[in-house]
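Structure first, commentary second.
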Amino acid sequence: MDRLCDEILQLILVELDDPTTFTLVSKRFYQFSQDPYVRATYFLTRHGTMQAFFWAFGRGKLMSKEVIDDPIMVSFPLALAIEPRLLPYAEANGFHMDSKYRDFVFRKMFERPNLNSENRTDEIVRNVRELCRLDSKMFLSRTVAAEVCMEARANEGAYTALKQLDKSGDLLFELSDVVRELTKMFVNTRCITSVYTINVLRQLWADYPSDDPTVRLVMLLTVFLSDNCLAHTTPATLKTKLDALGLTPLSRKDIYDVLINPFVERYTPIMEYAKVEVGLDSRGIKSLLEDVTLKCLEINCKGKMLKKLVNDHEWLKDTIATVVPERYQIRLEDLPPAGDEKACAAYEATLCRDFVVTRYPLGRWSSGASRHRAAASQAEVPSGVVQATIAPLDADMDDEESQDGDGTRDHSRADEASDAPDLDLGRIGQDTLTTMIQYDELAPTRTGRRRYHHYGSSDSTGKLSYPADAMQVGRWIRTFFGNRSPVTAIFVLHAVINDNVVVLQPDYGYGDPDPFSSQYRVPITLKHFKILQRLGRAPNWSLYHEIQQGAEFYFTEEDHIAQDKMKSSGKKVKVKSESPSSFIASTSSSPSKAHSPRGRKRPRRSAAASVKSYVVPDSDDEAIAEQDATISRALKVQAKKKKVESNLQQWIKHLSIILGEEKKKYKEQKKRLERAAAPGTKVRLPKNEFHKSLTNNLRDLRKVDLEKRRHLYGPDVPDEDYSEGDDDEYQEKGPRGKKRRVSYREDEE
C-alpha cells in the first residue's frame, strides 16, 4: 500500500463510504486526505455538483470568486422560500431545482419569525401555492406537515396556514391522517410525559378528533400522566379533565390499557377512578389487578409498578408463582427448527426483553418474522400500538440517506397524489420545525450516518420507549422471589435467550455479599446452552464465568428445584457432584479417614510417611512395601474418581458433546454445499455465533481445569482430558500422531 501512487489512492478513497478508518492507517494516507483538491474531488464524486454547492457555499463556509461565478445560484433554494416567483426566470437561465432540497425550502417558508406578523399566514399560503404551481416536483411533504403540527401552539401562523392549505385541497394528503399517525407515535415514547407535548396533542385532538383506539389511548395518557395526576388527585378532578376532551365514559379496557403503559408507575389514582366512575366492584378490581400484574411481567421496564402492586396486595405473589411456570415455560420443542435461520434470528422470548438495546434486526424489521411468545396469552392491545414502536431516530437516519440519493421525481402532482405510495410523501417524525431548521443550518456535510450526533439531549431522550429511572422486572423478580425460585429460573431462561445483560450479569455473582456462595447464585443449566445451540446464538460471557467460578452442574432447572425442595423438607439429598472446596478438603485427609462417617477429628499424620528412610528393606519389609503400593494405587483410583465428579469436569464433558454435534452438523452442511457447487469452487461456510463462542470458551475452561489439577496433584500431572465422551464421534484426533509415526518409520529404514 505504501508504494501506490496518489492516483490509485484517490480511486480507493472515492469508493469508500466512510474514509475515516482508511486515513488513520498511516501518516501518508492522512496527509493525502487533507489535501483540498482530494477532499473536493471526493465530495463532488460522491454527492454531485449541486449538493456540493449547497453544502459548501449555502452555509457561508466558503465563498470565492475563483471557484464560482454566480454567488446567487448557491443560495437560490433559500431565495425560493422567500420569493418563489424567481423560479421561472432561473429555469430559463439553465437552473435545475433538485427535489432533495424540497423539504428545506418549505421549512423556511413555515419558519417561525422573530416578530409576529399579521399577514404571516396569508404569505405562507401564497408562497406554497405559487411554488407548487411553477414546479410540479415541488409539493409539501408529510414530514414538513408533521413538523409544523408539532409547533401548533408555538407557531400558530404556520399551523393556521397548514390548515387552510388542507381545506383548499392544495395538499397531496389529508392532514387529519398525518395528525392521527403523528399522535399514535407518542403512545410508547418518553416525551408523552412532558407538558409541551401534552399541550400540543390536546390542540391537535381539538382540531382533528379521531376514532382510532390508539389515539384515544394517547389522549387518556395526557390526562393520567400530567403533573396534577402525580399527586393525590380525586376521581372528580380526573372526570372533569376527561369530559373536557370528550373521552368519557371510560371502560375497563381503557383503564387496563392505561395501567400497562410503560410510563405509568402510580396506579392508585387510576384505580380509585375505576372504582368511583367506571363502577368496578371489589371482584372486578381484583380481576383487573391480576390482569395488569401478569401483563407487567412481559413489559420489562415496569419493575417499579410491579413492586408496588405486590407490596400492596400480597396475594399477587401466589398468582405470579402459579402462572409463570405454567404460561412462560420454554422447551426445545417450542423453538423454531434449527434449519430455519430467519425464524431463529427473529425468535424472542416473552420475558426479560432488553428495552435499551435491540439485538435482533430480522425480528424487528422483517414483516414476515413472527416472534414466539412462549404460549403466553396475549391481552387485547389497541390497533397501531405495535406499529408505533419504531424508533424515530432510525427512521430519520434512513430518511437522510434516502434524501442523499440521486433519484428525482418526474411525475406530475396529479400522478403523485393518486399513484405514489406513502413513502414518497415523506415520513412522519416527532421533531419540531425549529429543530429541523437548526439541524439543516448547523449540521456538517456527509451526516447521513451520524445524524444522531446533532440531536439535543431533550430531542433524543424524548424518543426513548422506556422511563428515565426504569427498574428491570427480571431484577425485581430475583430480589423478591430469591435466586433459586422456580419463577426466577424461568425469568433467567428468558434473559439468556434475549441476552439481557442487565438481568444476567448481576444474577451471576456480581453485587452480592458472597459471590462464591451458591445461596447468592442463580443456577445455570445445560438446557440454557442447548436452547442457544438451537437458535445459533452466542451465550453471554457471564455463563462461562460462572462455570469457571465453580457453578454446580444441572441438566435442567427441575434438578436444582427438586434438590432445594428435598433440603427444605429435611430429607437426605443425593449429591451428584462435589464442589471444588469439598474436593480439596477430602484430598488433604488420609485414605483411612475418608471412610469415617463423621470427619470431625483432625486425622493423625503418619511420621513414617513424611520421614525419608535410606535403609534398604529386607525380606521382612516386603509386607510393608506391598501395603504402601496398595495405598498408592487406592489414592490414584480415588483421585481419578474425584476428577470425574467435579463440577467443572461435568460442564466440560457435556459442553464438549454439544460442540461435537455442532462440528458434525457444520461438516454435513458444508458437504452439501460442495456437492451443489460447481466443480473447482471453494466453498466457505461461516460458523454460527454459538459454534464460535463455544469453541473459544471451551478451550479456556480446559485450561482452567488443567491449572486446578496441577495445583492439587503437582506440576507433573498428566495432561488428560476427562471431558471427552466414550463415543468415537466426540473424540478429537489431530494429525500430530500420524506425522510422528511416519517420521519414525523413515528413521528405521
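Residue numbers (the numbering used here): 813 to 1561.
From the three backbone atoms N, C-alpha and C, an ideal C-beta is built for every residue, glycine too.
Per DSSP, cross-strand counterpart(s) of residue i
i, result
"V1283", "Checking the displayed sequence, the identity of residue 1283 turns out to be Met instead of Val. DSSP, once it has assigned bridges, lists K1114 as partnering M1283."
"R858", "The partner list for R858 (beta bridge, DSSP) is empty, contrary to what the question assumes."
Chain-order list of residues whose beta-carbon lies under 8 Å from that of residue i (same chain, five-residue window excluded)
i, result
"V991", "C961, L1016, D1019, Y1020, S1022"
"V1030", "T995, K996, F998, V999, I1004, L1013"
"P900", "L946"
"L1245", "R919, F922, E923, R924, V956, E959, V960, M962, E963, N967, A970"
"C944", "M950, F951, L952, D982, R1225"
"N1352", "V1308, D1311, V1313, L1316, Q1317"
"L1128", "L1101, E1102, T1105, L1121, V1122"
"L1344", "V1308, I1309, A1350, P1351, F1502"
"L1497", "Y1478, Q1481, K1482, L1485"
Residue i versus residue j - alpha carbon distance
i, j, result
"K1515", "I1373", "31 Å"
"S1099", "S1277", "28 Å"
"D1252", "Y913", "10 Å"
"V1070", "K1119", "18 Å"
"L977", "R932", "14 Å"
"I1336", "G1472", "21 Å"
"L987", "V1027", "15 Å"
"R851", "S845", "7 Å"
"D1467", "D1103", "Per the sequence presented here, residue 1467 reads as Leu, with Asp not at that position. One C-alpha to the other measures close to 40 Å."
"E1138", "K1154", "28 Å"
"E993", "L1237", "14 Å"
"E895", "H908", "16 Å"
"Q1284", "K1475", "37 Å"
"F1365", "D829", "49 Å"
"C1164", "A1157", "17 Å"
"T835", "L821", "10 Å"
"F855", "N1295", "58 Å"
"R1143", "F1367", "13 Å"
"Q1375", "W1463", "19 Å"
"T1045", "L1147", "47 Å"
"I1249", "N939", "18 Å"
Rounded Cβ spacing between residue i and residue j (contact assumed at less than 8 Å)
i, j, result
"Y1085", "P1047", "4 Å"
"V1088", "I1067", "Not a contact, Cβ separation roughly 12 Å."
"N1312", "D1166", "5 Å"
"T1105", "I1132", "7 Å"
"S980", "I1010", "Actually they do not touch by this definition, with Cβ atoms about 30 Å apart."
"N1459", "Y1356", "No, N1459 and Y1356 are not in contact; Cβ-Cβ is about 14 Å, not under 8 Å."
"I1359", "Y1140", "In fact, because the Cβ distance is near 25 Å, the residues do not count as touching under 8 Å."
Sequence-distant residues of the same chain with beta carbon closer than 7 Å to residue i, five excluded per side
i, result
"R893", "Reading the sequence as shown, one finds Ala at residue 893 and not Arg. Only V917, K920, M921 meet the Cβ criterion."
"W1288", "G1115, L1118, K1119"
"F1293", "V1299, T1300"
"H1125", "L1101"
"L1092", "R1064, A1086, L1100"
"F1036", "V1070, V1076, I1082"
"E819", "none"
"R897", "E942"
"T857", "V826"
Distance cut-off 7 Å: residue i Cβ against heavy atoms of the ligand GDP
i, result
"Y849", "Absence of the ligand GDP from the depicted structure is noted, as is the absence of any ligand whatsoever, leaving it without description."
Run of the alpha helix (DSSP H) containing residue i, from where it starts to where it stops
i, result
"M962", "It is not in any alpha helix (DSSP H) - M962 carries neither H nor E in the DSSP assignment."
"S1094", "1094 to 1108"
"M997", "Run containing M997: none; DSSP gives neither H nor E here."
"L898", "No alpha helix (DSSP H) holds L898; DSSP gives it neither H nor E."
"R938", "932 to 946"
"M1248", "1245 to 1254"
"H1503", "1501 to 1525"
"G1091", "Per DSSP, G1091 belongs to no alpha helix (DSSP H) and is neither H nor E."
"L1033", "1025 to 1036"
"C1003", "No alpha helix (DSSP H) holds C1003; DSSP gives it neither H nor E."
"D802", "Given a span of 813 to 1561 for the chain in the structure shown, any question on residue 802 remains unanswerable."
"F841", "839 to 845"
"S1354", "1353 to 1360"
"F1303", "1298 to 1310"
Cutoff 6 Å; reference residue i; Cβ partners in own chain excluding five residues on either side
i, result
"A973", "T933, I936, V937"
"K1520", "none"
"L1050", "Y1085"
"E878", "Unreliable positioning characterises E878 in this predicted model, as indicated by a pLDDT of 40, which lies under 50. The coordinate reading is nonetheless provided below. There are no such residues."
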